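Residue numbers (this note's numbering): 3 to 199. Heads up, the beta-carbon is just placed ideally off N, CA and C, and yes, glycines get one too. In this text the structure is predicted, and so the values were computed from the model without any measurement.
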C-alpha cells in the first residue's frame, strides 16, 4: 500500500472570461470534507450561475464527475481529466459558469472547462501528502521509555506526549504499518488504545 499521494495544499480559485461567459474555477482539498457540502456552499456563494460542473478523485480510487447541465462530456470529464493529469487524489474541482450569450460549442466548452480547472488546481498548489493512521494511547510511566523507543525505531517519529496520571501518546504512523503496529500493541500489556482512526 502506498503511504503518500499528490493533493492540494489550499483552495485554488481563478476567474476566466471566454466569449462573454465567466468561468470560475475552484479547486478544493477533500480531506475531511464531503463533496456534496462543498457543492452546497458554492451554490450558495454563486446562486445565479448557469452551470455548476465538477469532478473529484478520492482515495482509495473513487472518481466522479458531473456536466451540470452542459452537453454530455463537455464539462465534467475535462475537469476530471485535469485532476488525472496531475495525478491528484482527495481533490475536487468545481467550475461555475455564468453564460454570456455566446455559445462555445462542445469543443469550446471542453477547452474552457479543462483550462479553467487546470488553472484552479495550480492556484491551489500541488503537494505530496501522507496517508496515516492516528492513535491515542494511554500507558503507565514505567512503560514509557520502552514503548517510546519501540515506536521510534519501528513505526514513526511523529509522537506527541502529554503527562497526567498516565502518559498519553498521540501517534501518527504510515498506513502501511497499521497492522504491524496494532499487533505490537496487542503484545504489550498495560497499553490502552484510547482512540484510533
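In this structure, residue 134 sits near residue 177, with a CB-CB distance shorter than 9 Å. Using a 10 angstroms sphere on the CB of residue 26, the tally of other CB atoms reaches 16 or more, which defines it as buried. Secondary structure at residue 58: strand, using DSSP grouped into helix, strand and coil. Spanning the alpha carbons of residue 51 and residue 150 requires a straight line of approximately 55 Å.
In this structure, the CA atom of residue 30 is about 39 Å from the CA atom of residue 188. Shown here, residue 190 sits in coil according to DSSP, grouped into three states, outside any helix or strand. For residue 86, DSSP records no beta bridge to any residue. By the CB criterion at 9 Å, residue 28 and residue 96 fall inside the cutoff.
Looking at 60, 72, 119 and 173, the one whose alpha-carbon comes closest to that of residue 81 is 119. Taking the Cα of residue 62 as reference, the smallest distance to any Cα among 197, 40 and 6 is reached at 6. For residue 19, the uninterrupted beta strand (DSSP E) segment begins and ends at 14-20. One thing to note: residue 84 has its Cβ no nearer than 9 Å to the Cβ of residue 58. Around the CB of residue 107, fewer than 16 other CB atoms lie within 10 Å, so the residue is classed as exposed. With a threshold of 16 other beta carbon atoms within 10 Å, residue 66 falls short and is exposed.
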